[in-house]
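Chemist: Just so you know, we're using the working numbering here: the sequence shown kicks off at 22 and counts up by one. From the three backbone atoms N, C-alpha and C, an ideal C-beta is built for every residue, glycine too. Here it is, the structure in full.
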Amino acid sequence: MNDRPKQKLCPICKKPRVEQYTPFCSTRCRDRDLAQWFTDGYALPGPPAMPEDLDKGE
Ligand SMILES: [Zn+2]
22 MNDRPKQKLC PICKKPRVEQ YTPFCSTRCR DRDLAQWFTD GYALPGPPAM PEDLDKGE
């Protein structure tokens, strides 16, 4: 019998995960995953900035 437990891996870099940062292996990967979420969810089309606002000097 070869009863080797399956090592869970970090979904970002595929390294063995660390319990403290589950399901990731480090804060770096956790941040990276978060950044991906932000990129996906906040990629809304829209005007970047109104030029009129910059013209309002004085
Ligand atoms: Zn990782």
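Rounded to whole angstroms, what is the Cα-Cα separation between P37 and C46?
Modeler: 6 Å
Chemist: Please classify C34 as buried or exposed, where buried requires at least 16 neighbouring CB atoms within 10 angstroms.
Modeler: exposed
Chemist: Cβ atoms of R49 and Y42: under 7 Å apart, would you say?
Modeler: In this structure, R49 does not lie closer than 7 Å to Y42 by Cβ.
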